[in-house]
Amino acid sequence: LITDITELKQAHAHREELLAQVRRMALQDSLTGLYSRRGFEEELDRAWRLGARHALPTGLLVVDVDHFKVLNDTYGHTGGDQILAESGRLIAASVRAPDIVSRYGGDEIVVILPLTGYEDTQKAAGRLLEAFRANTFCRGTHDLRVTISIGAAGGSGVDQSPQLLLMHADQALYRAKQLGRNRMCVAEPDSASAFSSSSEPLTPSAADMIPAPDATASNGTVLV
Numbered sequence: 166l167i168t169d170i171t172e173l174k175q176a177h178a179h180r181e182e183l184l185a186q187v188r189r190m191a192l193q194d195s196l197t198g199l200y201s202r203r204g205f206e207e208e209l210d211r212a213w214r215l216g217a218r219h220a221l222p223t224g225l226l227v228v229d230v231d232h233f234k235v236l237n238d239t240y241g242h243t244g245g246d247q248i249l250a251e252s253g254r255l256i257a258a259s260v261r262a263p264d265i266v267s268r269y270g271g272d273e274i275v276v277i278l279p280l281t282g283y284e285d286t287q288k289a290a291g292r293l294l295e296a297f298r299a300n301t302f303c304r305g306t307h308d309l310r311v312t313i314s315i316g317a318a319g320g321s322g323v324d325q326s327p328q329l330l331l332m333h334a335d336q337a338l339y340r341a342k343q344l345g346r347n348r349m350c351v352a353e354p355d356s357a358s359a360f361s362s363s364s365e366p367l368t369p370s371a372a373d374m375i376p377a378p379d380a381t382a383s384n385g386t387v388l389v
């Protein structure tokens with residue numbers, strides 16, 4: 166009987182360990198090692214509740230690799246995967262220990278900044294921009310210069326929500342792309358439509374050297 170009870174306890178402990186492992190896998194992105202989208206959603210809710218308890222805002226950065234499709238088409242999926250994996254490591258190394266870095270989908274990486282105000286969120290975005298501008302990707306094989314666009318937002322209070330915070334950061338990212346990429350755009354506090362953008366001089370990336378279709382071309386011209 167004692168042997169049977171011991172075996173049951175061991176089987177139960179093994180089952181719990183397997184369940185914990187499955188949960189960790191569900192919350193982790195296999196390519197980058199960052200939190201997955203599901204993990205991001207859970208951590209964003211947790212950070213938002215923490216901010217509510219301390220009456221402090223939560224910052225959020227949505228980071229997009231500039232011209233990633235061009236890079237992926239030029240250097241193949243292996244090169245694209247390497248750029249994403251290196252991007253994840255570079256972002257994780259450029260933020261604070263309490264900040265949460267997740268792969269949101271495709272080439273988008275999001276950073277949750279718990280208990281962080283507007284100015285510090287803006288500074289964090291600036292550090293990421295500089296880190297990418299100074300870094301060489303795929304070193305020894307392609308030696309690429311890769312840049313990013315960042316949408317940043319911050320929020321708190323009963324009149325907002327984590328979902329609204331993400332929407333504002335997404336809108337700011339879209340605006341940063343409209344303005345030419347390789348920059349950050351920050352949603353102004355308490356405003357869904359007002360943005361401030363970095364005005365630093367832009368450094369061309371390797372992808373920028375590949376001509377893009379001319380938007381002013383005549384209607385009779387097809388560019389592939």
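So that you can map any letter, position 59 of the sequence shown is 224 in our numbering, and since no number is skipped, the others follow by simple counting. Cβ coordinates follow ideal geometry from the N, Cα and C atoms, glycine included.
- How about S259 and A296: are their beta carbons less than 7 Å apart? yes
- Item | L199 beta carbon less than 7 Å from that of D246 | no
- Item | Spatial distance of D238 from H219 (CA atoms) | 46 Å
- Using three-state DSSP, classify Q287 as helix, strand or coil. helix
- Item | Pairwise C-alpha distance: I265 and K288 | 16 Å
- From R304 to K342, what distance separates their C-alpha atoms? 26 Å
- Query: Expressed to the nearest angstrom, what Euclidean distance is found between the alpha-carbon atoms of Q325 and A217?
  - Reply: 11 Å
- Task: Inspect the beta-carbon positions of L209 and S201 and report whether they are closer than 7 Å.
- Result: no
- Message: By the DSSP assignment, the beta strand (DSSP E) with L255 in it spans what residues?
- Response: Here L255 belongs to no beta strand (DSSP E); instead the alpha helix (DSSP H) covers 233 to 259.
- Query: What are the start and end residues of each continuous alpha helix (DSSP H) run of 4 or more residues lying completely inside the segment 277 to 331, in chain order?
  - Reply: 283 to 299
- Message: By the three-class DSSP mapping on this structure, what secondary structure does A337 have?
- Response: helix
- Query: Using DSSP with H/G/I as helix, E/B as strand and the rest coil, what is L221?
  - Reply: coil
- Query: Is G345 near the ligand HEM, with its Cβ less than 6 Å from a heavy atom?
  - Reply: As for the ligand HEM, it is missing from this structure, which has no ligand bound.
- State yes or no: is the C-beta of A212 within less than 7 Å of the C-beta of I274? no
- Query: Considering S267, what are the terminal residues of the beta strand (DSSP E) in which it resides?
  - Reply: 265 to 270
- Query: Is DSSP giving L226 helix, strand or coil here?
  - Reply: strand
- Item | Beta-carbon gap between S314 and D194 smaller than 7 Å | no
- Query: If you run the structure through DSSP and keep just helix, strand and coil, what is L367?
  - Reply: Low confidence applies here, because L367 scores a pLDDT of 39, under 50, leaving its location unreliable and the question unanswered by this model.
- Mark E284 as exposed unless 16 or more other C-beta atoms lie within 10 angstroms of its C-beta, in which case mark it buried. exposed
- Under 7 Å between C-beta atoms of M332 and A290: no
- Item | DSSP three-state assignment for E273, whether helix, strand or coil | strand
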